[in-house]
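Colleague: Under this note's numbering, the first residue of the sequence shown carries the number 5, and numbering increases by one thereafter.
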Amino acid sequence: MKIKQLYLAALTLLSTATIALPAKAQLLKEKEQFTRADSLRGMLTPLRTCYDINYYHLDVKIDIDKKFISGSNQFKFTATQDFNKLQFDLFANLSIAKVVYKGKELTFTRDGNAVFLNFPQTISKGSKDEFTVYYSGNPTIAKNAPWDGGLVFKKDSLGKPFVATACEGVGASIWWPTKDHLADEVDSMMISISAPKGLKDVSNGRLRKVTQLKDGYTRFDWFVANPINNYDVAANIADYTHFEDTYMGEKGKLTLDYWVLPTSLEKAKKQFAANVKPMLKAFEHWFGPYPFYEDGYKLVETPHLGMEHQGAVAYGNHFLNGYMGYDLSGTGWGSKWDYIIVHESGHEWFGNNITDKDLADMWIHESFTCYSESLFVEDNWGKKAGQEYNYGLRLTINNDSPIVGIYNVNKEGSGDMYSKGAVFLNMIRTIINDDEKWRGILRGLNQTFYHKTVTYDDVVGFINTQSGMNFSAIFDQYLHYRSLPVLEFTSHENKLYCRWIAEAKDFNMPIRVRVKGGEYKFITPTRQLSPVEIPGATKDNIEIDYLNYYVGALMD
Numbered sequence: 005m006k007i008k009q010l011y012l013a014a015l016t017l018l019s020t021a022t023i024a025l026p027a028k029a030q031l032l033k034e035k036e037q038f039t040r041a042d043s044l045r046g047m048l049t050p051l052r053t054c055y056d057i058n059y060y061h062l063d064v065k066i067d068i069d070k071k072f073i074s075g076s077n078q079f080k081f082t083a084t085q086d087f088n089k090l091q092f093d094l095f096a097n098l099s100i101a102k103v104v105y106k107g108k109e110l111t112f113t114r115d116g117n118a119v120f121l122n123f124p125q126t127i128s129k130g131s132k133d134e135f136t137v138y139y140s141g142n143p144t145i146a147k148n149a150p151w152d153g154g155l156v157f158k159k160d161s162l163g164k165p166f167v168a169t170a171c172e173g174v175g176a177s178i179w180w181p182t183k184d185h186l187a188d189e190v191d192s193m194m195i196s197i198s199a200p201k202g203l204k205d206v207s208n209g210r211l212r213k214v215t216q217l218k219d220g221y222t223r224f225d226w227f228v229a230n231p232i233n234n235y236d237v238a239a240n241i242a243d244y245t246h247f248e249d250t251y252m253g254e255k256g257k258l259t260l261d262y263w264v265l266p267t268s269l270e271k272a273k274k275q276f277a278a279n280v281k282p283m284l285k286a287f288e289h290w291f292g293p294y295p296f297y298e299d300g301y302k303l304v305e306t307p308h309l310g311m312e313h314q315g316a317v318a319y320g321n322h323f324l325n326g327y328m329g330y331d332l333s334g335t336g337w338g339s340k341w342d343y344i345i346v347h348e349s350g351h352e353w354f355g356n357n358i359t360d361k362d363l364a365d366m367w368i369h370e371s372f373t374c375y376s377e378s379l380f381v382e383d384n385w386g387k388k389a390g391q392e393y394n395y396g397l398r399l400t401i402n403n404d405s406p407i408v409g410i411y412n413v414n415k416e417g418s419g420d421m422y423s424k425g426a427v428f429l430n431m432i433r434t435i436i437n438d439d440e441k442w443r444g445i446l447r448g449l450n451q452t453f454y455h456k457t458v459t460y461d462d463v464v465g466f467i468n469t470q471s472g473m474n475f476s477a478i479f480d481q482y483l484h485y486r487s488l489p490v491l492e493f494t495s496h497e498n499k500l501y502c503r504w505i506a507e508a509k510d511f512n513m514p515i516r517v518r519v520k521g522g523e524y525k526f527i528t529p530t531r532q533l534s535p536v537e538i539p540g541a542t543k544d545n546i547e548i549d550y551l552n553y554y555v556g557a558l559m560d
């Protein structure tokens, strides 16, 4: 949900009231250099693939005054091969007191944020086993959450502690020991957070138990019944008050739980009532049932703007419509609803239900979720409104670098994965030219990859198969290259010809064009000049459907 760049770009463009469409590509950034630490964090080595995580019990006490955490995490796993050594992850500034296996301490070594654990005998393939890591320390303090990772220690308006975690991108191991790779989601999890007496912790899943401890702390045990990715695991500590509701959805009754500061209660009741059920209605229509009925849906007020923490969406938009009161699309449609509620909840389907295996494919989370905003608008105000909102998102596109990042080093791609990705997906819908089929594809993605991790090829291959069209070259151009394809028109002997200028091999995107004042028709140019088979078409009267396509044009 790292959309600060989009927000700043939108404000800049809105303040000048100018925009050039399509946007011009900027110069490529200097090639980045990666280290061994990047590989240890981002690569699936045999020391990681040798075990499949089944269950965690994270049990952590947070000393707010000292900004200190201490506790343990139990790892239950299944061996995928014979091994006697594995890797888990914990940031180097946090100390490991011991790792216990079958009542005895194991030896381990550390290399930066990676921990290598040695077992006294071979763990056999197929066997189930467990170990527990005990640790403590002063965790990284986020300077500007949620755009950097760590813990947030703030005060509410009454001077009481207001604490939260946010660690997308940097990784959950910034505050707890875990197998910190997106490819392996834990099947279920217990999250036990101990907070100073008088405060409450709200984490993912359902509250199982509250225990008053002898040391003046209160432990809150939350159980997550569904698979969850590491960065979604959250602790939120404050003097929370609670109210609730229910939603009758596609799978029956869905519990809606809201945790906010007491001073926010009346504003929250109004804002959440206006946004949550319309959001659920729209997204269940387009994407299928909410993926976590067993764990329920929660909104939790936080001291940072927001994050898609599974089943416990972090909310800090100050109960305003838009993005902190602004419409990122510049169309007016984005001012009619609460951006953080809609966008972060959209991640329950794309990001939490369907999770990418490598951070380089974060576009799977962000492009589909940013696109979901226009579907929400469409569901509430009609297709034309949704298309206008989607078009307006071009305000924030930079075309600075590829949307797909670099694999195996925990490196996501350009921030264009948000708005450019959303505009691109709307183009795919336009090319398919069958809204029910498109809806079936979106729902099919969430059904086929339900609670799974996926790759680029999984998603593109599914869309190709279900649409009956080959979009591979189109995805390649828009996701692997920073520049837009350009549709070149030229005349020869009073006949109009066109071709695509693009980097992607075999790029042949169908596009809607028309003679000025007429109806749009599909043509399918290739990278070779071919005639435009529309009677009366000339360079002077040909028009491209720029509302639905994000391309360049050249009249030769």
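Just so you know, even glycine gets a beta-carbon here, dropped at the ideal spot from N, CA and C.
Report yes if the CB atom of residue 424 is closer than 9 Å to the CB atom of residue 487, and no otherwise.
Modeller: no
Colleague: Would the region 84 to 94 count as touching the region 263 to 274 if we require 3 or more Cβ pairs under 8 Å?
Modeller: Contact between the region 84 to 94 and the region 263 to 274 is absent, with fewer than three C-beta pairs closer than 8 Å.
Colleague: Touch check for the region 524 to 535 and the region 379 to 387: three-plus C-beta pairs under 8 Å?
Modeller: Note that the region 524 to 535 does not touch the region 379 to 387; fewer than 3 beta-carbon pairs, one per stretch, sit closer than 8 Å.
Colleague: Taking buried to mean at least 16 other C-beta atoms within 10 Å of its own C-beta, is residue 145 buried or exposed?
Modeller: Result: exposed.
Colleague: In three-state terms, what does DSSP make of residue 62?
Modeller: strand
Colleague: For residue 236 and residue 312, which I take to be in contact (beta-carbon distance under 8 Å), what is that distance rounded to the nearest angstrom?
Modeller: 7 Å
Colleague: Checking contacts by CB at 9 Å: is residue 50 closer than that to chain D?
Modeller: No chain D appears in this structure, which consists of one protein chain only.
Colleague: From residue 412 to residue 361, what does the alpha carbon distance come to, in whole angstroms?
Modeller: 10 Å
Colleague: Could you tell me the boundaries of the beta strand (DSSP E) in which residue 52 lies?
Modeller: Where residue 52 is concerned, there is no enclosing beta strand (DSSP E), although the alpha helix (DSSP H) it sits in stretches over 50 to 53.
Colleague: Determine the closest residue to residue 377 out of 444, 317, 315, 284, with distance taken between C-alpha atoms.
Modeller: 284
Colleague: Looking only at C-alpha atoms, which of 137, 115, 168 sits nearest to residue 147?
Modeller: Residue 168 is the option with its Cα nearest to residue 147.
Colleague: Do the region 541 to 559 and the region 482 to 501 make contact, defined as three or more Cβ pairs closer than 8 Å?
Modeller: yes
Colleague: Output the distance between the C-alpha atoms of residue 136 and residue 101, rounded to the nearest integer angstrom.
Modeller: 11 Å
Colleague: What do you reckon, are the CB atoms on residue 92 and residue 181 nearer than 9 Å?
Modeller: Judged by their CB atoms, residue 92 and residue 181 are nearer to each other than the 9 Å cut-off.
Colleague: Per DSSP, what kind of secondary structure is residue 567 in: helix, strand or coil?
Modeller: The question about residue 567 has no answer here: the residues shown for the chain are numbered 5 through 560.
Colleague: Anyone know if the C-beta pair for residue 198 and residue 65 falls short of 9 Å?
Modeller: yes
Colleague: Compute the Euclidean distance between the alpha carbons of residue 273 and residue 433, then round it to the nearest angstrom.
Modeller: 36 Å
Colleague: Should residue 308 go down as buried or exposed, given a rule of 16 or more other Cβ atoms within 10 Å for buried?
Modeller: Classified as buried, residue 308 has 16 or more neighbouring CB atoms from the shown chains inside 10 Å of its CB.
Colleague: In this structure, what does DSSP give as the bridge partners for residue 232?
Modeller: 190
Colleague: Would you list the residues sitting across from residue 91 in a DSSP beta bridge?
Modeller: 120
Colleague: Assign residue 277 to one of two classes, buried (16 or more other C-beta atoms within 10 Å of its C-beta) or exposed (fewer than that).
Modeller: exposed
Colleague: Mapping DSSP to helix, strand and coil, what is residue 217?
Modeller: coil
Colleague: Alpha carbon to alpha carbon, what distance is there between residue 188 and residue 419?
Modeller: 25 Å
Colleague: For residue 325, collect the residues of the same chain with a Cβ closer than 7 Å to its Cβ; drop the 5 residues on either side in sequence, then sort them by chain order.
Modeller: 339, 340, 341, 342
Colleague: Quick one: using the 10 Å Cβ neighbour count with 16 as the cut-off for buried, is residue 217 buried or exposed?
Modeller: exposed
Colleague: Can you tell which of 151, 526, 416, 540 has the C-alpha that lies nearest to the C-alpha of residue 549?
Modeller: With distances taken between Cα atoms, residue 549 lies closest to 526.
Colleague: What's the gap between the Cα of residue 121 and the Cα of residue 90?
Modeller: Looking at the two C-alpha atoms, the distance is approximately 5 Å.
Colleague: Quick one: what's got a C-beta closer than 6 Å to residue 468's C-beta in the same chain, skipping five residues either side?
Modeller: 474, 475
Colleague: Helix, strand or coil for residue 245? Go by DSSP, reduced to three states.
Modeller: Here residue 245 sits in strand by DSSP.
Colleague: Taking the alpha carbon of residue 247 as the reference point, which residue from 397, 318, 302 has its own alpha carbon closest?
Modeller: 302
Colleague: Of the choices 421, 125, 457, whose alpha-carbon is the least far from that of residue 479?
Modeller: 421
Colleague: Give the single residue among 118, 329, 560 whose Cα lies nearest to the Cα of residue 499.
Modeller: 560
Colleague: Would you kindly work out how many angstroms separate the C-alpha atoms of residue 152 and residue 173, rounded to a whole number?
Modeller: 8 Å
Colleague: By Cβ distance, which residues of its chain are closer than 6 Å to residue 333, with the 5 residues on each side in sequence left out?
Modeller: 393, 396, 397
Colleague: How far does the beta strand (DSSP E) with residue 561 in it extend, from its first residue to its last?
Modeller: Since the first residue of the chain shown is 5 and the last is 560, residue 561 is not available in this structure.
Colleague: Is residue 185 buried or exposed, if buried means 16 or more other CB atoms sit within 10 Å of its CB?
Modeller: buried
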